[in-house]
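S.K.: What follows is a structure written as structure tokens; I'll ask about it next.
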Amino acid sequence: MPLFDRDTSIFFDEDVLREDYQPESIQERDEEIDTYMASLQPVINGAQPRNIFLYGKAGVGKTAVTRYLLSHLERDVEAYDDVELTVVWLNCNNLSSSYQVAANLVNELRPPGKQISTTGYPRQTVFDMLYTELENIGGTVLIVLDEIDHIGDDDGILYELPRARANGYLSSVKPGIIGISNDLSFHDSLSPKVKDTLCEEEVHFPPYTAGELRSILAQRAENALYEAAYEPNVLSLCAALAAQDTGSARQALDLLYKAGDITRADDAETITEAHVREAQQALERGQIRQGMMELTRHGHLALAAVLSIAIEEETPARVREIYPEYASIGERFGTKPLVRRRMHDHLSDLAMQGILKRYARNHGRSGGQYYEYDLDVTLELALDVVDELEDVDLSLEAVQTAKRRGLCT
């Protein structure tokens, strides 16, 4: 008897529920697609492409619609001898400057053996390299900058590329920028000269409604799950939970996928509403864990300080009690502690993210008002996260107490 066997009751093709799956058609984005297509029309006409910026929260279809339309555009231009189209994709998630964006674009356009270091060159040298690579391609080049809002205030590349032809850096190539931003206010943060130069077309993607998410899930479930794999209300529940939270299709699909995983692990044959509720809790724990891992350096120090006090069962604790532990951990790892007020800001941020609980205390005129903090996640989860961090750790006393309480080995 084999140790592994294929699913016959839950997943028919689980890849259909994954983030990188590209559906053959896009649901519930007809208006946005029409606006987007009108902005892309100059490409098929052989004209200078327009700069297009997409705005909307994560998971509302910006990247999926872009991939869908550009894949069709790449096929459709083949019917015209006077249009040569190249699409270059770059995710700016870990890039914080125009210099880094330009250097990474150079490497996207060069073969592996001729790529450059992303540090150490003069800024103009990197831009000259980029212009050379674009000239070597020629024709129309659409540069897709996903999560472009990560570059922050250093938006020079959004000024340089649109003006490259006018400034004589490019002649045989027509560049166009497609910027995708999760930050709805990114346009407002652009410098005046960038706004004037871009002259971009904007396409706004609102959060999905529960009904729209239900339609998207039904389309995916038809290809991902066996016909009898889920109860009638499962898709509606996934859609409703996601719509109430973020309006994200990604969240709704993740809920359905996780619920299927839990059903499979339980050796059950049908996804139920209870499985969806369990999946919601599991995903929320995962999101909080990811949020804890992605904190700033001082955020990690503040978390470790509260954790140390919680292990000793001395929480909720006031800021004046947390700060010495925070400073001690920071100094032990060579980090100069912030002043107490700034450290308190980090505690407030942790509370906003659901990592800490914050209690307001008011003792009248004699005691005044102050805040106390405690963990809003399990000790085990917080310990697990801090244990993975390379430059933050607990005091020896806290570790010994945790071992004595059986919280770690």
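Heads up, the sequence shown is in full-length UniProt numbering, so the first residue is 1 and it goes up one at a time.
Idealized CB from N, CA, C, for every residue including glycine.
If I'm right that Arg66 touches Val141 with Cβ under 8 Å, what's the distance once you round it to whole angstroms?
M.R.: One detail in the question is off: residue 66 reads as Thr in this sequence, not Arg. Thr66 to Val141, Cβ: 15 Å. No contact.
S.K.: Determine, using beta carbons only, whether Thr270 comes closer than 8 Å to chain D.
M.R.: Of the protein chains in the structure, only one exists, and it is not chain D.
S.K.: Cβ atoms of Ile322 and Val306: under 8 Å apart, would you say?
M.R.: It is a contact, given that the beta carbons lie within the stated cut-off.
S.K.: To the nearest angstrom, report how far apart Gly286 and Phe53 are at their CA atoms.
M.R.: Cα to Cα, Gly286 sits roughly 31 Å from Phe53.
S.K.: On the DSSP letters alone, give me the boundaries of the beta strand (DSSP E) that Glu372 sits inside.
M.R.: That run of the beta strand (DSSP E) goes Gln369 to Leu375.
S.K.: Just to confirm before moving on: does the CB-CB distance between Lys57 and Thr315 stay below 8 Å?
M.R.: Result no, Cβ atoms of Lys57 and Thr315 do not sit closer than 8 Å.
S.K.: Can you check DSSP and say which residues form a bridge with Arg318?
M.R.: Glu372, per the DSSP bridge assignment.
S.K.: Between the region 186–194 and the region 58–78, do at least 3 Cβ pairs fall closer than 8 Å?
M.R.: No: the two stretches stay apart, fewer than three of their Cβ pairs being nearer than 8 Å.
S.K.: Mapping DSSP to helix, strand and coil, what is Asn107?
M.R.: Note: Asn107 maps to helix in three-state DSSP.
S.K.: For Ile33, which of Arg264, Leu73, Arg332 and Arg18 has the nearest alpha-carbon?
M.R.: With distances taken between Cα atoms, Ile33 lies closest to Leu73.
S.K.: Taking the beta strand (DSSP E) that Ala360 belongs to, which residues open and close that run?
M.R.: That run of the beta strand (DSSP E) goes Leu356 to Asn362.
S.K.: From the DSSP output, in three-state form, read off Val87 for me.
M.R.: Note: Val87 maps to strand in three-state DSSP.
S.K.: Just how far apart, CA to CA, sit Gly113 and Tyr226?
M.R.: Whole-angstrom Cα-Cα distance: 46 Å.
S.K.: Write down the C-beta distance between Asn223 and Asp13 rounded to the nearest angstrom, noting that I regard them as a contact closer than 8 Å.
M.R.: Contact holds; Cβ gap of about 6 Å.
S.K.: Can you name, in chain order, every residue of its own chain whose Cβ lies under 8 Å from the Cβ of Val319, other than the five neighbours on each side?
M.R.: These residues qualify, in order along the chain: Arg340, Met343, His344, Leu347, Tyr370, Tyr371 and Tyr373.
S.K.: Do you know how far the Cα of Val386 is from the Cα of Ser308?
M.R.: Those two C-alpha atoms are separated by around 11 Å.
S.K.: Out of Gly61, Leu69 and Val60, point me to the one whose CA is closest to Met37's CA.
M.R.: Residue Leu69 is the option with its Cα nearest to Met37.
S.K.: Do Asp154 and Ser97 count as a contact pair if the criterion is CB distance below 8 Å?
M.R.: Yes, these two residues count as a Cβ contact at 8 Å.
S.K.: One question on the structure: do Ala166 and Leu130 come within less than 8 Å of each other, judged by their Cβ atoms?
M.R.: No, Cβ-Cβ distance for Ala166 and Leu130 is not below 8 Å.
S.K.: Note the first and the last residue of the continuous beta strand (DSSP E) segment covering Pro175.
M.R.: Looking at the DSSP string, the run of the beta strand (DSSP E) that includes Pro175 is Val173 to Ser181.
S.K.: Buried or exposed: where does Glu360 fall if 16 or more other Cβ atoms within 10 Å of its Cβ makes it buried?
M.R.: The question names Glu, but residue 360 is Ala in the sequence shown. Answer is exposed; the Cβ neighbour count stays below 16.
S.K.: Provide the residue(s) that pair with Val194 in DSSP beta bridges, ordered along the chain.
M.R.: DSSP lists no partner for Val194.
S.K.: May I ask which residues mark the beginning and end of the beta strand (DSSP E) holding Tyr55?
M.R.: It spans Ile52 to Tyr55 - the beta strand (DSSP E) in which Tyr55 sits, taken as one unbroken run.
S.K.: Only counting the same chain, and skipping five residues up and downstream in sequence, which positions put a Cβ closer than 6 Å to that of Ser236?
M.R.: Hits under 6 Å: Arg214.
S.K.: Based on Cα-Cα distance, which residue from Gly211, Glu147, Gln281 and Gln100 lies nearest to Gly120?
M.R.: The residue with the shortest Cα to Cα distance from Gly120 is Gln100.
S.K.: In angstroms, rounded to a whole number, what distance separates the CA positions of Asp188 and Thr263?
M.R.: The alpha-carbon atoms of Asp188 and Thr263 are separated by roughly 46 Å.
S.K.: Extract the residue ranges of the beta strand (DSSP E) inside the region 98–174, only unbroken runs of 3 or more that lie entirely within it.
M.R.: As far as the region 98–174 is concerned, its whole beta strand (DSSP E) runs of at least 3 residues are 139–146.
S.K.: From the DSSP secondary-structure annotation, give me the bridge partner or partners of Phe11.
M.R.: Paired residues: Leu225.
S.K.: Can you tell me the Cα-Cα spacing of Tyr24 and Ala218, whole angstroms?
M.R.: According to the sequence displayed, residue 24 carries Glu and not Tyr. Approximately 14 Å between the Cα atoms of the pair.
S.K.: Helix or strand or just coil, what does DSSP make of Glu202?
M.R.: In this structure, Glu202 counts as strand in the three-state DSSP scheme.
S.K.: Return the CA-CA distance between Leu356 and Leu350, expressed in angstroms with no decimal places.
M.R.: Cα to Cα, Leu356 sits roughly 6 Å from Leu350.
S.K.: Just verifying my parser: in three-state terms, what is the DSSP assignment at Ile26?
M.R.: Reduced to three states, the DSSP call for Ile26 is coil.
S.K.: Output needed for Cys292: all residues of its chain with C-beta closer than 7 Å, excluding positions within five of it in sequence on either side, in chain order.
M.R.: In the sequence as displayed, the identity of residue 292 is Met instead of Cys. Answer for Met292: Leu303, Ile355 and Val385, listed in chain order.
S.K.: By a C-beta neighbour count over all protein chains shown, 10 Å radius and 16 as the cutoff for buried, is Pro162 buried or exposed?
M.R.: By the neighbour-count rule (16 or more Cβ atoms within 10 Å), Pro162 is buried.
S.K.: Near Thr335, what residues of its chain come up, given a Cβ to Cβ distance below 7 Å and the 5 sequence neighbours on each side ignored?
M.R.: If we look at Thr335 and ignore the five residues flanking it on each side, its Cβ neighbours are Arg297 and Leu301.
S.K.: Compare the C-alpha of His150 against each of Val106, Ser171 and Asn91 and name the closest.
M.R.: Per the Cα distances, Asn91.
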